[in-house]
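Counting from 182, one number per residue, gives the positions in the sequence shown under our numbering.
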Amino acid sequence: MRAIKALILDRDGTLIEHVPYLHDPALIRVLPGVREGLRAALDAGLTLYLHTNQSGVGRGMFTLAQAEACNVRLIELLDLGKAPFARICTAPEGPKEPAVYRKPSPRFAREIMAERRIAAGELCYIGDRGSDLETAHAAGTRAVGVATGLDDLAAELSAVGLGHFPVFPSFRAAVDHVLSITA
Ligand SMILES: [Mg+2]
């Protein structure tokens with residue numbers, strides 16, 4: 182039996198090319214293998230969630246509406262139906278503001294666990310930054326990394342003592358790993 186029932190996906194550097202402080206939907210490029218990986222996860226019965234830190238909102242660089250317009254464009258480009266994500270969390274806080282949903286806050290993951298009655302071990306984060314996997318660590322969920330962002334994820338993870346999380350060279354490889362985990 183498959184162990185993981187839901188994925189919490191990072192956006193920038195994981196599903197789309199990381200453009201720092203992206204707020205123009207025209208600049209969105211879906212990374213290779215992402216659509217196929219998400220299709221495979223949906224076909225396997227997994228529920229998808231999107232969790233994206235958008236500190237550019239808190240920093241006054243763009244509006245929450247602009248960040249959300251980028252989410253809408255991503256969904257259009259994925260072409261996996263109108264609502265491939267059961268819920269989207271766009272965290273607008275800047276680094277100096279108290280974190281509510283800003284990763285590594287575990288709040289979003291905990292809400293999903295409570296709402297959907299999903300155990301922590303049935304949830305898996307996929308992300309390209311240390312903060313994605315720190316979120317998983319804080320919430321007690323599983324996590325896998327993808328080396329498709331701007332930073333050296335393996336180095337980031339060992340710096341914060343999370344080098345035990347696996348890192349994959351592509352999103353598709355990460356999803357295939359997740360789908361291979363059995364309870
Ligand atoms: Mg990212």
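Note that CB positions come from ideal geometry on N, CA and C, so glycine has one too.
Just mark V359 as buried or exposed, buried being the case when its beta carbon has 16 or more other beta carbons within 10 Å. Locating residue 359 in the sequence shown gives position 178, where the first residue counts as 1. The residue in question, V359, is buried, as its Cβ has 16 or more Cβ neighbours within 10 Å.
Which residue spans inside the region 250-296 form an unbroken beta strand (DSSP E) run of at least 3? Annotation: the region 250-296 contains the following complete segments of the beta strand (DSSP E) (minimum length 3 residues), in chain order: 266-272.
Can you check the region 294-324 for any alpha helix (DSSP H) of at least 4 residues that lies completely inside it and give the ranges in chain order? Runs of the alpha helix (DSSP H) inside the region 294-324: 311-320.
In this structure, how does DSSP classify D357 when only helix, strand and coil are distinguished? Taking the sequence shown and counting its residues from 1, one reaches residue 357 at position 176. D357 falls in the helix class under three-state DSSP.
Contiguous alpha helix (DSSP H) assignments of at least 4 residues, all confined to the region 204-238: Whole alpha helix (DSSP H) segments, 4+ residues: 215-224.
As assigned by DSSP and simplified to three states, the class of F346: On the sequence shown, position 165 is the one that residue 346 refers to. In the structure shown, F346 sits in coil (DSSP, three-state: anything other than H, G, I, E or B).
Determine the direct distance from the alpha carbon of L231 to that of P273, and round the result to whole angstroms. One-based indexing of the sequence shown puts residue 273 at position 92. One-based indexing of the sequence shown puts residue 231 at position 50. If I take the Cα positions, the gap works out to 14 Å.
Is there contact here, the region 278-286 with the region 244-252, by at least three beta-carbon pairs under 8 Å? No contact exists between the region 278-286 and the region 244-252.
Between the alpha carbons of R384 and E303, how many angstroms are there, rounded? In this structure the chain extends from 182 to 364, so residue 384 is not present and cannot be described.
Same chain only: Cβ atoms within 7 Å of D193, ignoring 5 sequence neighbours per side: Looking up residue 193 in the sequence shown gives position 12. H199, L203, T233, listed in sequence order.
Quick check on I269: buried or exposed, where buried means 16 or more other Cβ atoms within 10 Å of its Cβ? Your numbering for residue 269 matches position 88 in the sequence shown. By the 16-neighbour rule on beta-carbons within 10 angstroms, I269 is buried.
At least 3 beta-carbon pairs within less than 8 Å: the region 209-227 vs the region 346-358: With a cut-off of 8 Å, the region 346-358 and the region 209-227 count as touching, because enough Cβ pairs lie within range.
Opposing strand residues paired with G326 [DSSP bridges]: Translated into positions along the sequence shown, residue 326 becomes position 145. DSSP, once it has assigned bridges, lists G308, V348 as partnering G326.
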